[in-house]
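Q: With full-length UniProt numbering applied, the sequence shown corresponds to residues 1 to 741, in that order.
We put the CB at the ideal spot given by N, CA and C, even for glycine.
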Amino acid sequence: LCPPAGPSTMSTEDAEWLRWVTKQFGSIAGEDKEIDLEEFKSALQVKESFFAERFFTLFDVDGSGTISLEELLEALSLLVHGSEMDKLRFLFQVYDMQVEPRGSEDALVHQGPALSPPGVSSPPTGSGSIDPDELRLVLGWCLQESSMALPEERLGDLTLALFEAADKDHSGSITFEELREELEAFPGVLENLTISAASWLKPPSPPPLEKTHCPPYLTWPYWHNHRGNLALLGGYSSLNLLLFTLAALGHAGQGGWVMVARGCGQCLNFNCALLAVLMLRRCLTWLRATPMAKVLPLDQHVVLHQLVGYVVLLLAAAHTGAHVANFNRLAQQGGHRPLTEYLLSAQPQVGGVGGTASQTGLALQGLLVTISIFSSPCVRRSGHFEIFYWTHLSYISIWTLLIVHGPNFWKWFVVPGGLFVLEKVLGWAWRRAGGLRIVEVNLLPSKVTHLVIERPQSFHYQPGDYIYLNIPAIATYEWHPFTISSAPEQQETLWLHIRALGQWTNKLHEFFQQPEPPSPGQKPLSRSLGEKRRQHQAQCYLDGPYGTPSRRIFTSEHAVLIAAGIGITPFASILQSIIYRYRRRKQSCPSCHHSWCEDLQDEEMTLRKVDFIWINRDQKHFEWFLSLLTKLEMEQAQQEPGGRFLELHMYMTSALSRNDMKAVGLQMALDLLAAKEHKDSITGLRTRTQPGRPDWDKVFGKVAEEKRGKVQVFFCGSPALAKVIREHCHHFGFNFFKENF
């Protein structure tokens with residue numbers, strides 16, 4: 001390795017970088033001021049890595065088996081500050097290594113090539129060219145670094161594709177000039193070539209400069225995208241303020257504490273009734289099909305329910321505190337009645353049925369605190385959903401006590417309470433109609449259970465809807481919401497894809513893992529892995545369907561669907577529905593048998609373009625819906641050129657970027673083989689799986705350039721990623737909708 005050519009002067013930035021590297025080196029090296037292979041791998045935070053050993057060997061210029069500070073600085077200066085040719089020369093040396101011709105190395109495909117022993121005494125000189133065995137060896141480790149697993153034949157195909165493309169003179173080996181020429185066919189790779197594993201030696205990024213522009217919530221796109229929510233919150237706050245003021249003024253002259261208590265009490269009448277309204281799922285689903293869906297923020301009804309719940313808790317605390325303060329004042333003035341008598345004994349002048357307002361109020365306060373504690377995210381998402389479920393059932397006691405406690409609450413509650421009871425009765429009647437049979441179970445990677453359930457003739461739903469599922473064999477009284485992953489056009493069955501994350505979902509997965517022979521004369525439950533369950537145990541009950549934000553997709557013009565992991569389930573139903581609509585509109589010429597699809601736009605579907613983006617951590621997660629995506633691509637292939645209505649975009653986050661030295665060869669080979677076979681080696685789809693995470697600026701920039709109509713982005717996945725995508729949508733002026741998943 002030679003230092004990069006350039007001016008002898010050192011910039012301030014380079015000097016700072018040099019000090020940083022020296023400091024890092026000193027914290028890692030021992031008393032001998034040298035780094036051996038194990039220390040080098042420890043610094044890179046890897047236990048066993050082919051590339052760590054190759055980098056170490058190439059850094060060890062004198063072949064001593066250790067790296068000095070001078071050797072490290074020389075090598076890193078080349079890699080960080082060197083020219084494109086310097087980086088390419090280093091990459092070539094990584095691939096150019098002395099290996100024996102392939103013999104019996106079948107295990108290398110699955111377990112990776114054998115590592116050289118630690119403490120190499122001298123670096124391999126190389127042959128000055130890369131032969132097929134060397135290339136295959138490095139590509140095998142590239143796969144392992146990117147958490148990919150391919151059969152031996154596919155590794156051979158990748159090696160052959162890259163070797164044939166790079167070996168321009170067909171000499172049987174790749175020279176440095178041939179590798180450079182091949183890399184030039186991939187724009188942007190050379191200038192961005194890095195070693196991500198050496199990031200520990202890069203100085204920390206300077207703190208970002210203070211931005212002078214306004215915060216996002218003060219910008220026009222933010223207000224435009226949230227105008228419905230903001231208007232609703234403004235109206236909600238104003239109404240509460242009006243109710244508080246009127247009730248407080250109505251009790252003027254009775255003392256400040258009484259005015260506060262009465263004002264909060266009137267607000268509690270309204271908010272406790274509103275809590276019921278926000279959970280009228282059937283009514284809210286019906287409203288989605290009316291013009292009111294464009295005005296009311298129906299997609300946020302769960303968030304609003306949580307918000308109103310916290311408001312009720314605060315109002316109840318203020319209401320109780322004001323009454324206690326007033327009772328304490330009366331006790332001090334009268335002298336003959338202690339405070340405890342006002343709180344624990346029935347007092348006709350206090351209010352409530354039989355003068356029990358104090359006692360019912362304290363009971364209500366305790367129940368509200370209990371519900372709020374066990375409704376917190378740390379309880380719901382820690383595998384203890386049943387605690388949330390059972391404590392939340394105390395809403396029955398709360399509403400009952402409210403009717404006893406407040407003389408006017410029933411006037412606020414009669415309509416929403418009646419609708420709530422009606423919805424519960426309808427749900428109960430539906431369940432009493434009989435259980436449904438689970439006709440098939442498929443156990444998919446990452447503990448995903450695919451249930452195929454018989455569909456009643458009277459069960460009608462829209463793409464993206466969800467249901468509540470109860471399986472008595474798992475838990476008799478527990479109901480859990482899951483998105484329907486099959487299309488409404490699929491008449492015979494319903495599909496659910498359920499990932500094991502909590503106690504109930506883990507029990508579900510374990511239940512169908514256990515083999516059990518069917519009873520005599522009983523038809524067994526179909527299992528993908530050959531396992532059977534008795535038919536009486538494969539019964540379930542459904543409650544629903546209920547609508548979601550996904551219903552807006554078909555009335556969009558340009559829809560961008562973004563799924564992270566199992567978040568694909570609501571979009572699976574929508575994509576399947578698109579397939580069925582294509583089939584209904586397919587036309588064929590009787591003379592030449594040429595087929596095409598008519599315009600998909602109608603009164604129920606105004607879509608002009610759909611971009612579907614699926615982000616997965618590793619390769620096996622794509623198996624969940626590969627058959628569906630394959631059908632989508634087949635339907636698209638029958639369209640006229642340039643008329644693609646649906647585009648797929650796949651990302652695998654565990655795969656190293658194509659700019660990383662440990663992955664550049666693999667990504668080049670995957671691109672070349674995909675172009676040759678018209679098929680991606682990772683998923684088998686026509687769509688090429690991209691390594692790493694999406695660059696949202698580029699993704700949304702391309703969407704904006706297409707100008708296919710108003711863009712609406714629909715996301716289902718983690719809250720952290722939702723926040724990132726929401727910010728980019730605000731920047732581009734796109735509407736953003738998040739599935740409550």
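(1) With a threshold of 7 Å on Cβ separation, who are the neighbours of V379 within its own chain once the five nearest residues in sequence on each side are excluded?
(2) Is the segment 309-317 touching the segment 567-582, taking contact as three or more C-beta pairs under 8 Å?
(3) Can you look up N408 in the DSSP assignment and give me helix, strand or coil?
(4) Around the C-beta of C2, are 16 or more other C-beta atoms found within 10 angstroms, so that it is buried, or is it exposed?
(5) Would you report the Cα separation of G665 and E181, rounded to the nearest angstrom?
(6) Which word fits V421, buried or exposed, when buried means at least 16 other C-beta atoms lie within 10 angstroms of its C-beta?
(7) Skipping 5 residues on each side, what residues in its chain have a beta carbon closer than 7 Å to that of L268?
(8) Note down, in chain order, each residue of its chain lying with its Cβ closer than 8 Å to the Cβ of Q539, except the 5 sequence neighbours on either side.
(9) From which residue to which residue does the beta strand (DSSP E) around residue 744 run?
(10) I'd like to confirm something about K631: is its beta-carbon nearer than 7 Å to some heavy atom of the ligand ZN, or not?
(11) Which one of D60, E84, S64 has the shortest CA to CA distance from A75?
(12) Starting from I373, trace the alpha helix (DSSP H) both ways and give me its first and last residue.
(13) For a test of the three-state rule: what should DSSP assign to L646, helix, strand or coil?
(14) May I ask you to report which of helix, strand or coil DSSP gives R527?
(15) Could you tell me which of A363, K738, D671, L278 sits nearest to K723, measuring between CA atoms?
(16) So H728 is in the alpha helix (DSSP H); what residue range does that whole segment cover?
(17) Three or more beta-carbon pairs under 8 Å between the segment 298-309 and the segment 563-571, yes or no?
(18) May I ask which residues mark the beginning and end of the alpha helix (DSSP H) holding Y236?
(19) Leaving out five residues on either side along the sequence, give the residues of the same chain with a beta carbon under 7 Å from the beta carbon of K294.
(20) Short check: CB of A663 to CB of S146, under 8 Å?
(21) Please list the segments of the alpha helix (DSSP H) lying wholly inside the segment 127-180, counting only runs of 4 or more residues, in order along the chain.
(22) Could you check what DSSP says for K609 in three-state terms: helix, strand or coil?
(23) Could you have a look at F714 and say whether DSSP puts it in helix, strand or coil?
(24) When you compare each of E623, L233, V610, R154 to M706 by their alpha carbons, which one comes out closest?
(25) Can A161 and K702 be called in contact, C-beta distance under 8 Å?
(26) Can you list, in chain order, the stretches of the beta strand (DSSP E) that have 3 or more residues and sit fully within the segment 468-520?
(27) Do the CB positions of P463 and S556 come within less than 8 Å of each other?
(28) Which first and last residues belong to the beta strand (DSSP E) in which A704 is found?
(29) Quick check on this structure: which residue in K631, F482, R54, I35 has the alpha carbon closest to the alpha carbon of G547?
(30) Among all the DSSP beta bridges, which residues are the ones paired with I35?
(31) Considering Cα atoms alone, identify which of F622, F413, L648 is closest to A149.
(32) Is T22 helix, strand or coil when you go by DSSP?
(33) Alpha carbon to alpha carbon, how far is F25 from L69? Give it in angstroms, no decimals.
(34) Does the segment 366-374 come into contact with the segment 325-332, if we say contact requires no fewer than three beta-carbon pairs (one atom in each stretch) closer than 8 Å?
(35) Starting from H392 and walking both ways along the alpha helix (DSSP H), at which residues does that stretch end?
(36) Buried or exposed: which applies to D695, given that a residue is buried once 16 or more other Cβ atoms fall within 10 Å of its Cβ?
A: Let's see:
(1) Mapped onto the sequence shown, residue 379 falls at position 379. Excluding positions up to five away in sequence, the list reads I387, F388.
(2) no
(3) In the sequence shown, counting from the first residue as 1, residue 408 sits at position 408. The answer is coil: DSSP assigns N408 none of H, G, I, E or B.
(4) Within the sequence shown, numbered from 1, the residue matching residue 2 stands at position 2. Any reading at C2 needs caution, since the residue's pLDDT is 45, under 50, leaving its predicted position unreliable; the model's value is listed next. The residue is exposed, with fewer than 16 neighbouring Cβ atoms inside 10 Å.
(5) If you number the sequence shown from 1, residue 665 lands on position 665. If you number the sequence shown from 1, residue 181 lands on position 181. G665 and E181: Cα-Cα distance of roughly 14 Å.
(6) Within the sequence shown, residue 421 is the residue found at index 421, counting from 1. The residue in question, V421, is exposed, as its Cβ has fewer than 16 Cβ neighbours within 10 Å.
(7) Within the sequence shown, the letter at position 268 stands for residue 268. So the list reads V312, L315, A316, H319, once near-sequence residues are dropped.
(8) Start at 1 with the first residue of the sequence shown, and residue 539 comes out as number 539. Correct list, in chain order: G435, L436, R437, I438, I471, P472, A473.
(9) Here the chain covers residues 1 to 741 and nothing more, so residue 744 does not appear.
(10) You won't find the ligand ZN in this model; it holds no ligand whatsoever.
(11) Here residue 75 corresponds to residue number 75 of the sequence shown, with the count starting at 1. Selected option, being the one with the closest Cα: D60.
(12) Position 373 of the sequence shown holds residue 373. Unbroken alpha helix (DSSP H) run through I373: 357-374.
(13) Start at 1 with the first residue of the sequence shown, and residue 646 comes out as number 646. Three-state result, L646: strand.
(14) On the sequence shown, residue 527 is found 527 positions in, with the first residue counted as 1. Note on R527: pLDDT 47, under 50, position unreliable in the model; the coordinate value appears next. DSSP places R527 in strand when its eight states are reduced to three.
(15) Position 723 of the sequence shown holds residue 723. Ranking A363, K738, D671, L278 by Cα distance to K723 puts K738 first.
(16) Position 728 of the sequence shown, counting from 1, holds the residue named residue 728. Here the alpha helix (DSSP H) through H728 covers 719-732.
(17) no
(18) Against the sequence shown, residue 236 aligns to sequence position 236. Segment 227-250, the alpha helix (DSSP H) holding Y236.
(19) Position 294 of the sequence shown holds residue 294. Closer than 7 Å at the Cβ level, and outside the excluded window around K294, lies no residue.
(20) Position 663 of the sequence shown, counted from the first residue, corresponds to residue 663. Position 146 of the sequence shown, counted from the first residue, corresponds to residue 146. Cβ atoms of A663 and S146: closer than 8 Å.
(21) 132-145, 152-166
(22) The sequence position of residue 609 within the sequence shown is 609, counting from 1. Three-state result, K609: strand.
(23) For the purposes of this step, residue 714 is taken as residue 714 along the sequence shown, with counting starting at 1. Strand at F714.
(24) Within the sequence shown, the letter at position 706 stands for residue 706. The question names Met, but residue 706 is Glu in the sequence shown. The option with the nearest alpha carbon to E706 is V610.
(25) Counted from its first residue, the sequence shown places residue 161 at position 161. Counted from its first residue, the sequence shown places residue 702 at position 702. For A161 and K702, no; Cβs fall outside 8 Å.
(26) 480-483, 493-499
(27) Against the sequence shown, residue 463 aligns to sequence position 463. Against the sequence shown, residue 556 aligns to sequence position 556. No, the Cβ-Cβ distance between P463 and S556 is not below 8 Å.
(28) Indexing the sequence shown from 1 puts residue 704 at position 704. Where A704 is concerned, there is no enclosing beta strand (DSSP E), although the alpha helix (DSSP H) it sits in stretches over 696-706.
(29) Here residue 547 refers to the residue found at position 547 of the sequence shown. Out of K631, F482, R54, I35, F482 has the C-alpha closest to the C-alpha of G547.
(30) Your numbering for residue 35 matches position 35 in the sequence shown. According to DSSP, I35 bridges with I67.
(31) As a first step, residue 149 must be located in the sequence shown, where it is residue number 149. Residue F622 is the option with its Cα nearest to A149.
(32) Translated into positions along the sequence shown, residue 22 becomes position 22. Helix.
(33) Taking the sequence shown and counting its residues from 1, the one referred to as residue 69 is at position 69. Taking the sequence shown and counting its residues from 1, the one referred to as residue 25 is at position 25. Going from the Cα of L69 to the Cα of F25 covers about 7 Å.
(34) no
(35) Working through the sequence shown from its first residue, we reach residue 392 at position 392. It spans 385-392 - the alpha helix (DSSP H) in which H392 sits, taken as one unbroken run.
(36) Counting from 1 along the sequence shown, the entry for residue 695 is found at position 695. With fewer than 16 other Cβ atoms within 10 Å, it is exposed.
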